[in-house]
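A.B. asks: The structure is given below, and queries will be raised subsequently.
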Amino acid sequence: GTAIVSHQSCKILMSDQSETHTSSSLVTQQLLFQSMKFAGALAAKRHDRDCNNFEAVQRELLTRRLKENCETAYGRDYGFSALLAQEDVVEAFRASQPITTHPHYQGYVERIASGEAKVLNASAETMLAATSGTSGHRALLPNTKDMSSTFFVRGIMVVFDAVAKSLPDALQLQKTVKLAFAPSWSETEGGLRVGPNSSGPKDKSFKRLLSLYSTPMAGYEIEGDEPAAMYVHALFAARDRNLGIIEANFVSLPERMLRLLATDGDRIADDLAAGKLDSEIAARLPEKIVKRLNSELGGGDKERADQVRQAVREANEKGGHSLALLLWPKLKLILSNATGAFADYASRLQDGMAYGVPILSTVYAASEGLIGVSLHPGLKGDSHYCLVPRAMFFEF
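For the sequence shown, the working numbering begins at 1039 and goes up steadily by one.
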């Protein structure tokens, strides 16, 4: 026991550490990362084994889902039981179930929204996920606990291993600025919440990871004012000279935060020196949240304020070049989707404000669920994604 404690203590002392960590949060992060590295390695091995047996795994997945849902309204309407009786379930499914789009399911989703059970899924829905509308219209899609579990176990755990292998020095005891915002929820007639299904501040799992993030909980409770919330993210990120990771769903958000720091860096430095949130931002927020944020700042820090002013001034003299590393010399990476339509953001960042900072794109997913993971992510936001055999059935 003593040897284990000594080993962990040595690893902590040898690691880069955020200046805003407490002794408790340091130990929490150390133990969490160790357990996730172990679990991630196992998840990656399972993923590789499934990929080596892709066709068999897909057949197994389809068969199991047909069995689980054959007594749902959709399963009865489309003869899932009859499909299971066929010699080749996959071919029978393909022949009887044409490729569909959301309008095909809209009536069923409306029944779920009204409170009817076992319409599309035998298991209860936890929410209706609202798509972003990038395909031309906003759609609502049912989400279950199993879908969320699949995303974490077969997605997040696998890519944690990929990050550890791609950038071995990245997972040290430094905090992450997690650019997430309080979601705006609505509720259906049947009581299901409607909104984004990406991990957010109102999720229990999110709160368990709060000690890893530079932004305190009060910053994640800001509702209806995303610019103010982004300012708070930037403020608390700037407070920590040893920040390690910038994380967001899409790389456009890190660019927004860095642009904010480039333009409002002196204002943020003033907040750090005073230990108090900017009065104009504070006036837009509930008083209780402002008090909590000011308390979390922990008093004035003139030394860090001067460092921030110098970093912003030096970067702006070069058109913003290298701002990220001037602010955070030990910044390890930006963890965000930077492929497809977001590739231009990554290119601008790496040519300018985030010069020298790796950008990793690790997960390919949508409101419908997990699709793929990047096992060998590039360091410039470029990635090739490997399909996850047990996430969903692929129609080809």
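We treat Cβ as the ideally placed atom computed from N, Cα and C, and that holds for glycine. On a predicted model such as this, the values are computed, not experimentally measured, just so you know.
Whose C-alpha, out of Thr1253, Ile1283 and Ile1260, is nearest the C-alpha of Ala1272?
C.D. replies: Closest option to Ala1272, Cα to Cα, is Thr1253.
A.B. asks: Round the Cβ separation of Leu1364 and Leu1296 to the nearest angstrom and send it over; I've been treating them as touching at under 8 Å.
C.D. replies: Actually they are not in contact, since the Cβ atoms of Leu1364 and Leu1296 sit about 11 Å apart, beyond 8 Å.
A.B. asks: Please specify which runs of the beta strand (DSSP E), each continuous and at least 3 residues long, are wholly inside the stretch 1196-1249, giving them in chain order.
C.D. replies: Runs found: 1214-1216 and 1231-1233.
A.B. asks: So is Asn1090 buried or exposed if we call it buried at 16+ other beta carbons inside 10 Å?
C.D. replies: Per the 10 Å Cβ criterion, exposed.
A.B. asks: Would you give the residue range spanned by the alpha helix (DSSP H) that Glu1163 belongs to?
C.D. replies: Segment Glu1163 to Ala1168 is the beta strand (DSSP E) holding Glu1163; no alpha helix (DSSP H) there.
A.B. asks: Beta carbon of Ala1218, beta carbon of Tyr1269: below 8 Å?
C.D. replies: No; because the gap between Cβ atoms is not below 8 Å, this pair is not in contact.
A.B. asks: Can you give me the C-alpha to C-alpha distance between Val1411 and Ser1204, rounded to a whole angstrom?
C.D. replies: For Val1411 and Ser1204, the distance between alpha carbons rounds to 14 Å.
A.B. asks: For the pair the stretch 1147-1155 and the stretch 1212-1232, tell me if three or more CB-CB distances fall below 8 Å.
C.D. replies: As far as the Cβ criterion goes, the stretch 1147-1155 touches the stretch 1212-1232, which means the pair count is three or higher.
A.B. asks: Please go through the stretch 1312-1369 and give each complete alpha helix (DSSP H) segment of 4 or more residues, from N-terminal end onward.
C.D. replies: Counting only runs of 4 or more, we get 1317-1320, 1325-1335, 1340-1354 and 1361-1365.
A.B. asks: Suppose the cutoff is 7 Å on Cβ atoms and the five residues either side in sequence are ignored; what does the same chain contact list for Leu1121 look like?
C.D. replies: Result list for Leu1121: Leu1104, Val1127, Ala1130, Phe1131 and Ser1134, in chain order.
A.B. asks: Terminal residues of the continuous alpha helix (DSSP H) containing Asn1107?
C.D. replies: Phe1092 to Asn1107 is the extent of the alpha helix (DSSP H) around Asn1107.
A.B. asks: Closer than 7 Å: is that where the CB of Arg1132 sits relative to any heavy atom of the ligand FAD?
C.D. replies: The model depicted lacks the ligand FAD and carries no ligand whatsoever.
A.B. asks: What separation, rounded to the nearest whole angstrom, lies between the Cα atoms of Arg1114 and Phe1380?
C.D. replies: About 41 Å.
A.B. asks: Where does Val1128 sit, in a helix, a strand or coil, going by DSSP?
C.D. replies: Here Val1128 sits in helix by DSSP.
A.B. asks: Identify the continuous beta strand (DSSP E) that holds Glu1285 and give its terminal residues.
C.D. replies: Start and end: Ile1283 to Phe1288.
A.B. asks: Output the distance between the C-alpha atoms of Lys1083 and Met1195, rounded to the nearest integer angstrom.
C.D. replies: Roughly 11 Å between the two C-alpha positions.
A.B. asks: According to the Cβ coordinates, are Trp1366 and Leu1281 closer than 8 Å?
C.D. replies: Taking 8 Å as the Cβ cut-off, Trp1366 and Leu1281 qualify as a contacting pair.
A.B. asks: Below 8 Å, can you find three or more Cβ-Cβ pairs linking the stretch 1389-1403 to the stretch 1184-1195?
C.D. replies: Result yes; three or more Cβ-Cβ pairs closer than 8 Å.
A.B. asks: Do you know whose CA, among Val1197, Phe1071, His1142 and Thr1066, lies nearest Ser1435's CA?
C.D. replies: Nothing in the structure corresponds to residue 1435, since the chain is present only between 1039 and 1434.
A.B. asks: For the structure I just gave you, are there three or more beta carbon pairs, one from the stretch 1310-1324 and one from the stretch 1333-1353, closer than 8 Å?
C.D. replies: Flag = yes, the stretch 1310-1324 and the stretch 1333-1353 touch.
A.B. asks: Give me, in chain order, the residues of the same chain whose beta-carbon lies closer than 7 Å to that of Arg1305; leave out the 5 immediate sequence neighbours on both sides.
C.D. replies: Asp1316.
A.B. asks: Who does Cys1424 pair with in a DSSP beta bridge?
C.D. replies: DSSP output for Cys1424 lists Val1411 as bridge partner(s).
A.B. asks: From the DSSP secondary-structure annotation, give me the bridge partner or partners of Thr1182.
C.D. replies: In the DSSP output, where bridge partners are listed per residue, Thr1182 has Glu1163.
A.B. asks: Apart from the five residues just before and just after Leu1248, which ones in its own chain have a Cβ nearer than 7 Å to its Cβ?
C.D. replies: For Leu1248, where only same-chain residues beyond five positions count, the Cβ hits under 7 Å are Met1255.
A.B. asks: Would you decide whether Ser1061 is buried or exposed? Buried here means 16 or more other CB atoms lie within 10 Å of its CB.
C.D. replies: Ser1061 comes out exposed.
A.B. asks: Applying the 10 Å Cβ sphere with the 16-neighbour rule, what's the burial state of Ala1267?
C.D. replies: Counting Cβ neighbours within 10 Å, Ala1267 comes out buried, since at least 16 surround it.
A.B. asks: Going by the DSSP bridge assignment, what does Ile1372 pair with across the sheet?
C.D. replies: Answer is Ile1284 and Ile1397.
A.B. asks: Quick check on Ala1267: does DSSP put it in helix, strand or coil?
C.D. replies: Helix.
A.B. asks: Where do the N-terminal and C-terminal ends of the alpha helix (DSSP H) with Ile1021 fall, by residue?
C.D. replies: Outside the shown range of the chain, which is 1039 to 1434, sits residue 1021, and nothing can be said about it.
A.B. asks: Excluding five sequence neighbours on each side, which residues of the same chain lie with their C-beta closer than 7 Å to the C-beta of Leu1069?
C.D. replies: Nothing listed; no residue qualifies.
A.B. asks: Within 10 angstroms of its Cβ, does Lys1213 collect 16 or more other Cβ (buried), or is it exposed?
C.D. replies: With 16 or more Cβ atoms within 10 Å of its Cβ, Lys1213 is classed as buried.
A.B. asks: Starting from Leu1158, trace the alpha helix (DSSP H) both ways and give me its first and last residue.
C.D. replies: Note, Leu1158: premise wrong, no alpha helix (DSSP H); not H, not E.
A.B. asks: Between the alpha carbons of Glu1344 and Phe1092, how many angstroms are there, rounded?
C.D. replies: The amino acid at residue 1344 is misidentified as Glu; the sequence shows Asp. Between Asp1344 and Phe1092, the C-alpha separation is close to 56 Å.
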